[in-house]
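Report on the structure given below.
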Amino acid sequence: MSQRIGIVSPVRNNTASHTLSRSQRISNGVSIVAVMALVIWGCGGSGPEGEPNEMVLHHILSARIRGLDPGQIRDVYSMMVAGQIFETLYDYHFLKRPYELIPLLAEDMPQVSEDGLVYSIRIKKGVRFQDDVCFSFDKLRMVSKVEPVGGKGRELKAEDFVFSIKRIANIKYLSPSWSLFDDRIVGLDEFREYTKAPDRNIRGEGEVDYSRAVEGLITSDDYTLVIKLKKPWPQMVASILADISTAPMAKEAVSYYGKDIVSHPVGTGPFKLNVWRRGSYIELVRNPTFRGELYPSEGEAGDAEAGYLEDAGKPIPFADRVVWTMIEERQPAWLLFLQGKVDATVVPKDNYGEVMMENGQLTDRMRQLNIQLKSFEDPSTYWLGFNMADDVVGRNKPLRLAINRAIDREKFIELFFNGRHLVAHGFIPPMMGCYNPQIKQKGYARYDPDEAKRLLKEAEGIYGEKIPTLKIAIPGVDTWARQYGQFLTRQLNAIGLEVELQYMDLPTYQQKVNNKSVQIFAGGVTANIPDELDFLSLFYSRYAAGGPNKFNYSNPEFDRLYEKVEVMRDCLERRELCRRMEVMVLEDCPAAFLNHRVADVLHHDWYKNYKPHSFAYGLSKYRRIDLSRRAAYKELLNASR
Amino acid sequence: MYAIPIVVGVLLLTFTLFVVVGGDISVEIAGRGATQQTIEEIRAEYGLNKPLFLSRDSQFVNHFKNALTFNFGRARDGELVFDKIKRGLWPSLALTVPIFLGVVIISVSLSLVIAFVRGTVWDIAAVVLCVAGMSIPYLSFILFGQYFLAYKWGLFPVFFSPDLSMAGNVALPVLIGIAAGLGGNVRFYRTVMLDEMGSDYVRTAFAKGLSRRRVLFKHVLKNAMVPIITRVVGAIPFLFLGSLLLERFFGIPGLGYLMVEAIGSRDYFVISAMTYISAILFVAFNLVMDICYLLVDPRIRLE
């Protein structure tokens, strides 16, 4: 037996080694061929050098866009794309600061009646919708059953704006923008009632009779739109007429595409949709029937020196194509930017040290690559909010103040935003007209753990015993949310408070906040328009539970002043009132306001006319690519490696 | 017989988790600043105010009817759920099938070889490498591969490019997927092979004077097929679900992210469709698995 083994074993081993070596050879061969094949497939691609004469803007989308139907759009990413396809009656001046509204599809600024209730708007003549098959559909259908082709875009009329607004009012359309119009325009709420009346058996958007008159939406002729309001609304132009939701979408397209309209935008803008591979990339091409526009010839002080006026008076758009690639992860976005395959990116948190020095300047490598940094303040405020209807925090001001004093905002900003954001001393961001430059001195955002402990003792006296474990609702379940939760826990534990963190997805969070079933909640808001009303409305008691007032804050004096400033035009008196209202809220402390966002954007030097804008989205028409600089980038990159 | 209860159970579970327990999507749909009345109107339009179970027009009965007729409706972004799945299926399969085949072929072959040299330095080295491969997080493979192979050495595209073929776009993710999957699989198959190598029939085969290759591929591999089939066929339904991390990092427009995104945004229509299709695939491939057992092992009988 042992002999047999003794005989077999060496042979087995030899054979095994022989087999192994053959297997290895085969395996190695296969691997090499596979890798070579994959490499051959993998190489190439369209970098900047692949498009020498074509001006293409390469952008990043960091989230999926939901659709390109203006009335359904409320997310920033969809606005970024749709803003190039659609136009609104008014838009913000690209260069001027403070932000200034200018006519876009309107001929001029609206004529407003003495009482501020009637707006008369003249529409530009000769503006055409982008060519689309939807315009030839009816005619062809009558002649034969062939698929429609071609389709010349028709001229834009005032009636198209009426149609856009009525669509938003249509309950079957389920527009997220309805809250902007709710109880504003004469007869529009009645139109909404008509669309939801079950006795009429309206089952879909297409069955609604859009020819039904709305008293407050009138077209006195093809080029004049008249809007009648229920009460003065000085922010109307910014709130709805410069908002993508009212951008005209061709009625023919809505009828032709039906529910697929979200993927078939037909607007009047400088670009039109060419390819949309959902969840991957979007490509727009220049709209050949665009009416033409000129690059602005004036801006704010310093714009000429910064090169923003080099293209003054030239026809826009400059780019032939605009491409957005959806990249949700930071590493590929950053590597593509470094490769020169995208024009701009935000400063990635994990690569901050590679990009910025401690003094906030770009590193030598970034400068060698001619990469430029643009920083701008975002009209936003983030907070740790208190539910004022909650028995523990709502009725205990010293407790809310203790939490407010316990948070080290500087450290929070250093840890989470590389020290780039601004401490929120109040809730109105510095870029707003009524911002109070003295607010910091009032010390509402002061970090003072000793005072926090003293206030906590006072709070326990009111509560009658030790404060129970506080529950903090945090939207999100990702790493960032958890780190944020850990930071808050540590800060509050330090003064003797116990905390339970409740991480949840956004719909659950919103539902709980609306139901008043959270105790403390992390949140924030970004203004849609350059007006402080977006922030003040957060504390108006009529907007509690379901509305913007998530804090369930109620202060009759605040409400009275809100109703006053809501109908006032911007003036010194209004600004003073807004400041008073802000202090009123800060004294009551329905939230610990933490930070205002500051965005840092990097772009290549070939990407011209990149001036950050907080409110406008249709900006690709101003961008220009210096093709020679882009072509030279590869050598620059190789030299820097 | 177990197929119907499994599918019905999945439908019930999905419904309970995302409609009964989960949050209401009406608030998000209503938009910022919407009043409670608007939110209620939206609930009514979506049928969220209907009874949950006990009615002929209840939410669950409608959910069940729609699933049976494969009427998945529209996702929250307005696109037909069926179109969404159809569009993402090919890129996902282009990624997961080569990874799956690569991992299975390489790991089964390697494990046969390793099992044959058991106890030698090659075996120890292979086990060490396998354990190392299993210990390194999947994400590290991706970050490393993307940075060095794509960015530094320029062998592959860093990210999905519409100008490249699908093969060109998935080349690097496939390599990474295979590399990351080898450790655990080689260890598993090595154990399976070692079990067989110690059997009497192997000794008999060698005693009869059969060649190594014949013993390995004709006898050992055939006898090891039952656990291999369990693992391989059992994994096939999951290929449909794509690969979340690889798709995200390389921009492959597949189904991997679809489900996660749908859960995050409470897109119940997408969740429902994906879980229902997954359940059907799971049941179908379990049946295929049983048939495969019958083919490779004549001792097994279907009853």
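Going line by line, the protein sequences match chains A and H. First residue of the first sequence: 1, per the numbering used here; consecutive thereafter. First residue of the second sequence: 1001, per the numbering used here; consecutive thereafter. From the three backbone atoms N, C-alpha and C, an ideal C-beta is built for every residue, glycine too.
Residue-level contact check: residue 1151 of chain H touches chain A, since one or more beta carbons of chain A fall below 8 Å from its beta carbon. Put simply, the backbone Cα of residue 1123 of chain H is about 6 Å away from that of residue 1117 of chain H.
Excluding its 5 nearest sequence neighbours in each direction, residue 269 of chain A has C-beta neighbours in its own chain below 6 Å: 84, 85, 86, 87, listed in chain order.
For residue 1092 of chain H against residue 1255 of chain H, the beta-carbon gap comes to about 4 Å, under 8 Å, which counts as contact. In the three-state reduction of the DSSP assignment, residue 452 of chain A falls in the helix class, which pools H, G and I. In the DSSP assignment, residue 1133 of chain H falls within the alpha helix (DSSP H) that extends over 1121-1135. Beta-bridge annotation (DSSP): residue 58 of chain A is paired with A:323.
Taking residue 417 of chain A as reference, the option from A:352, A:475, A:442 with the minimal CA-CA separation is A:352. Pairing residue 599 of chain A with residue 378 of chain A gives a Cβ-Cβ distance under 8 Å. DSSP, read as helix, strand or coil, puts residue 83 of chain A in helix. In the three-state reduction of the DSSP assignment, residue 298 of chain A falls in the coil class, being assigned neither a helical nor a strand state. In the DSSP assignment, the residues bridged to residue 293 of chain A are A:316. Selection A:617, A:615, A:604, A:618 evaluated against residue 627 of chain A yields A:604 as nearest (Cα-Cα). Unbroken beta strand (DSSP E) runs of no fewer than 3 residues, entirely contained in the segment 495-539 of chain A, are found at 499-504, 520-526, following chain order. In the three-state reduction of the DSSP assignment, residue 286 of chain A falls in the strand class, which pools E and B. Put simply, of H:1045, H:1180, H:1157, H:1065 the residue whose alpha carbon is nearest the alpha carbon of residue 1107 of chain H is H:1180. Secondary structure in the segment 205-269 of chain A: the beta strand (DSSP E) runs of 3 residues or longer, each lying completely within the stretch, are 217-221, 224-228 in chain order. Taking a beta-carbon distance threshold of 8 Å, residue 1256 of chain H does not count as an interface residue toward chain A. The shortest CA-to-CA distance from residue 1289 of chain H to any of H:1262, H:1228, H:1277 is the one to H:1228. Residue 392 of chain A places its beta carbon less than 8 Å from that of residue 467 of chain A. Scanning chain A for C-beta atoms nearer than 7 Å to the C-beta of residue 1136 of chain H yields nothing, as the closest lies near 17 Å away.
For residue 1160 of chain H, the nearest beta carbon of chain A is closer than 8 Å to its own beta carbon. Identification of residues in the segment 323-357 of chain A having a C-beta nearer than 9 Å to some C-beta of chain H yields 323, 325, 326, 327, 328, 329, 331, 332, 333, 335, 336, 338, 339, 341, given in sequence order. Assignment of beta-bridge partners to residue 375 of chain A by DSSP yields A:600.
At least 8 Å separates the beta-carbon of residue 630 of chain A from that of residue 608 of chain A. Sixteen is the threshold: since fewer than 16 other Cβ atoms of the shown chains lie within 10 Å of the Cβ of residue 1294 of chain H, the residue is exposed.
In this structure, H:1018 is the residue among H:1006, H:1234, H:1018 with its C-alpha nearest to the C-alpha of residue 1259 of chain H. In chain order, 1034, 1039 place their CB closer than 8 Å to the CB of residue 1027 of chain H, counting only its own chain and leaving out the 5 sequence neighbours on each side.
Around the beta carbon of residue 1209 of chain H, a 10 Å sphere encloses fewer than 16 other beta carbons of the protein chains shown; the residue is thus reported as exposed. Take residue 1164 of chain H, set aside five residues on each side of it, and the residues of its chain with a beta-carbon closer than 8 Å to its own are 1157, in chain order. Among the residues of the segment 171-182 of chain A, those with a Cβ less than 8 Å away from any Cβ of chain H are 171, 172, 174, 175, 176, 177, 178, 179, 180, 182, in the order of the chain. Beyond the five residues adjoining it in sequence on each side, residue 1155 of chain H comes within less than 6 Å, by CB distance, of 1149 in the same chain, given in chain order.
Residue pairing by DSSP places residue 380 of chain A opposite A:526 in a beta bridge. The beta carbon of residue 91 of chain A sits no closer than 8 Å to any beta carbon of chain H.
In chain A, no part has a C-beta under 9 Å from the C-beta of residue 1188 of chain H; the shortest such distance is about 19 Å. Secondary structure note for residue 554 of chain A: it is in no alpha helix (DSSP H), with a DSSP letter that is neither H nor E.
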